[in-house]
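Participant:
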Amino acid sequence: MSATGTPPTAAPEREPQEAQPRRRDPLWAKLLVVFGALLIVASGTLLIGYRLLVARANGSVTQNNLLGDAGNQAGRHVNINGPVNMLLVGIDTRPGQNPTDQSRADSIIIVHVPASHDQAYLVSIPRDTLVPIPPDPATGWAGGKDKINAAFAYGSRNGGGVAGGVRLLGQTIRSLYGIGLDTAAVVDFAGFQQVVGVLGGVDMCIDEKVTSIHVGFTADGRETVPFRQDADLSLHPIPGVTPKVYEPGCRHLAAWEALDYTRQRDLLANGDADYGRQRHQQQFIKAVFKQILSAGVLTDPGRLNRVLDTVGKAMTVDNGGVSIQDWIFAMRHIGGGDILTVRTNNGQFNTINVPGIGACEVLTDTSLQLLRSVRDDTVATFVAAHPDWVSSS
1 MSATGTPPTA APEREPQEAQ PRRRDPLWAK LLVVFGALLI VASGTLLIGY
51 RLLVARANGS VTQNNLLGDA GNQAGRHVNI NGPVNMLLVG IDTRPGQNPT
101 DQSRADSIII VHVPASHDQA YLVSIPRDTL VPIPPDPATG WAGGKDKINA
151 AFAYGSRNGG GVAGGVRLLG QTIRSLYGIG LDTAAVVDFA GFQQVVGVLG
201 GVDMCIDEKV TSIHVGFTAD GRETVPFRQD ADLSLHPIPG VTPKVYEPGC
251 RHLAAWEALD YTRQRDLLAN GDADYGRQRH QQQFIKAVFK QILSAGVLTD
301 PGRLNRVLDT VGKAMTVDNG GVSIQDWIFA MRHIGGGDIL TVRTNNGQFN
351 TINVPGIGAC EVLTDTSLQL LRSVRDDTVA TFVAAHPDWV SSS
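Take the sequence shown: its position 370, counted from the start at 1, is 370 in the numbering used here, and no numbers get skipped.
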């Protein structure tokens, strides 16, 4: 990789696709992680055969009973006639990591669809939120207080894997906030680098200056780490190395750039750390699916097959025992303009230091009110009373 942003050993990136006309992208297309299929309609015309597409998605996306006894009706067959709550977990596996190794959740999002099925709310729970985590005899976790992303780690250890991590995280959310979960999905951001590679890169609008702590370049263009990080997480620049910087503005990112950008939380210009990284990861997933929805992909069967195969390797989905066809039909009225991101703590830090755990986030009373509105299917009422909590990103 050189300072110009071109990996020296990788195949050349594809040229960016020409801008396509804007259209109403359904929620279930943007969130393939939840529904496991793409049913794309433009100008009333089905672009791809319904049965063929559903069969292809079924064969590509890994499906598993992730929630176990943490899900509504034990995850066997969810009733989708009423409100639906979906748990989305973003993880970032590193090269050579065993799938059964302990890992922590980078991003935790509850997608709430009200009983009317005409709106969707994305509610992120900060990964450093201090919570009581229930005991998990299956993995030897005795229970106690920790950051909420540790629930995924404790559930995934000792062979629990991704399913064990989602199950304990789901149990933590249900026991603490009373939110029943109907379906779940795990997105591996490292796996999404391969998706972006197949797409030929991704178009993203960077909303703040971001300096990478993972990728830098020497004067002769050699890639290396630009900072040394101590045990206390303090950063020290390495002399002679210039870090990769992502300046604000809309641009086309190569696969390695997109992954590096979504990993950053330390040197964000706005100082929003985890809140910024969560926002950037959500923007990244939306940008990827917008690219998948472009005519250049949908009208190229070979390329679409490669995309779906790669997406399937980056995701694991629990569909709650409901067929993909039923999910698609139930969510057919939700369009891209009907998806709102609601920020816990209004995107502001509320940090305390806990001995033995470190810096933790504490949800405010208003944030707890937001989560109760998810439980009670009254999020629309909460949003009407707190319009400034809705993110414009």
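Backbone N, C-alpha and C define an ideal beta-carbon position, used for all residues, glycine too.
Could you check what DSSP says for His333 in three-state terms: helix, strand or coil?
Facilitator: In the structure shown, His333 sits in coil (DSSP, three-state: anything other than H, G, I, E or B).
Participant: Just to confirm the assignment, what range does the beta strand (DSSP E) spanning Arg104 have?
Facilitator: First-last for Arg104: undefined, no H or E at that position.
Participant: Figure out for me which residue from Phe284, Leu304 and Pro132 has the closest Cα to the Cα of Ala254.
Facilitator: Looking at the Cα atoms, Phe284 is the closest of the given residues.
Participant: Tell me the start and end of each unbroken alpha helix (DSSP H) in the stretch 336-361 that is at least 4 residues and wholly inside, in chain order.
Facilitator: None, since the stretch 336-361 contains no complete alpha helix (DSSP H) of that length.
Participant: At a cut of 8 Å, does the stretch 308-328 reach the stretch 181-194 through at least three beta carbon pairs?
Facilitator: The stretch 308-328, when compared against the stretch 181-194, does touch it at the 8 Å Cβ threshold.
Participant: Return helix, strand or coil for Arg222, following the three-state DSSP convention.
Facilitator: In this structure, Arg222 counts as coil in the three-state DSSP scheme.
Participant: Is the separation between the beta-carbon of Asn346 and that of Asp377 shorter than 9 Å?
Facilitator: Not in contact: Asn346 and Asp377 (Cβ atoms no closer than 9 Å).
Participant: Starting from Asp203 and walking both ways along the beta strand (DSSP E), at which residues does that stretch end?
Facilitator: Per DSSP, Asp203 belongs to the beta strand (DSSP E) from Val202 to Ile206.
Participant: Straight-line CA distance for Val198 to Gly90?
Facilitator: Going from the Cα of Val198 to the Cα of Gly90 covers about 20 Å.
Participant: I'd like the span of the alpha helix (DSSP H) that includes Ser124, first residue to last.
Facilitator: Premise fails: Ser124 lies in the beta strand (DSSP E), Ala120 to Ser124, not in any alpha helix (DSSP H).
Participant: Which whole-angstrom value is the C-beta distance of Pro248 and Asp274, which I expect to be below 8 Å?
Facilitator: Wrong, their Cβ atoms sit about 20 Å apart, outside the cutoff.
Participant: Answer yes or no: do Val166 and Gly180 have a C-beta to C-beta separation smaller than 9 Å?
Facilitator: No, they are not a contact pair.
Participant: Given a cut-off of 9 Å on the beta-carbon distance, is the pair Ile339 and Ala120 in contact?
Facilitator: Yes; because the gap between Cβ atoms is below 9 Å, this pair is in contact.
Participant: Going by other Cβ atoms of all chains shown within 10 Å of its Cβ, with 16 needed for buried, is His236 buried or exposed?
Facilitator: Answer is exposed; the Cβ neighbour count stays below 16.
Participant: Which residues does DSSP list as the beta-bridge partners of Val322?
Facilitator: Answer is none; Val322 lacks a bridge partner.
Participant: Report whether the distance from the Cβ of Asn85 to the nearest heavy atom of the ligand GDP is below 8 Å.
Facilitator: Because no ligand of any kind appears in the structure shown, any question about the ligand GDP cannot be addressed here.
Participant: Using the rule of at least 16 other Cβ atoms within 10 Å of the residue's Cβ for burial, across every protein chain shown, is Asp69 buried or exposed?
Facilitator: Label assigned to Asp69: exposed.
Participant: Go ahead and label Pro83 buried or exposed: buried means 16 or more other beta carbons lie within 10 angstroms of its beta carbon, across all protein chains shown.
Facilitator: Buried: at least 16 other Cβ atoms inside 10 Å.
Participant: Beta strand (DSSP E) containing Ser116: first to last residue?
Facilitator: Careful: Ser116 lies outside any beta strand (DSSP E) and carries neither H nor E.
Participant: Need the endpoints of the beta strand (DSSP E) that Ser212 sits in, please.
Facilitator: Here the beta strand (DSSP E) through Ser212 covers Val210 to Phe217.
Participant: Rounded C-beta distance between Thr341 and Ser391? I'm assuming under 8 Å.
Facilitator: With a Cβ gap of about 4 Å, Thr341 and Ser391 count as contacting.
Participant: Nearest CA to the CA of Val311: which residue from Gly140, Val196, Arg174 and Asp106?
Facilitator: Residue Val196 is the option with its Cα nearest to Val311.
Participant: Does the contact criterion of 3 or more C-beta pairs under 8 Å hold for the stretch 360-377 versus the stretch 113-133?
Facilitator: Verdict: yes, contact present.
Participant: Report buried or exposed for Thr242, applying the criterion of at least 16 other Cβ atoms within 10 angstroms of its Cβ.
Facilitator: Exposed, by the Cβ-count rule.
Participant: Report all residues from its chain with a CB closer than 6 Å to the CB of Arg76; omit the five preceding and five following residues, and keep chain order.
Facilitator: For Arg76, the pLDDT reaches just 44, beneath the cut-off of 50, and the residue's location in the model is therefore unreliable, although a value from the coordinates is still provided. The residues are Gly321.
Participant: So, under 8 Å CB-CB, Gln282 and Leu122 are touching, yes? Tell me the CB distance rounded to an integer number of Å.
Facilitator: Yes, Gln282 and Leu122 are in contact; Cβ-Cβ is about 7 Å, under 8 Å.
Participant: Mind checking who Ala184 pairs with in its DSSP beta bridge?
Facilitator: Bridge partners of Ala184: Leu87 and Asp318.
Participant: Using only the alpha-carbon positions, how far apart do Arg343 and Ile110 sit?
Facilitator: So the alpha carbons of these two residues sit roughly 11 Å apart.
Participant: How far does the alpha helix (DSSP H) with Leu371 in it extend, from its first residue to its last?
Facilitator: Asp365 to Asp376 is the extent of the alpha helix (DSSP H) around Leu371.
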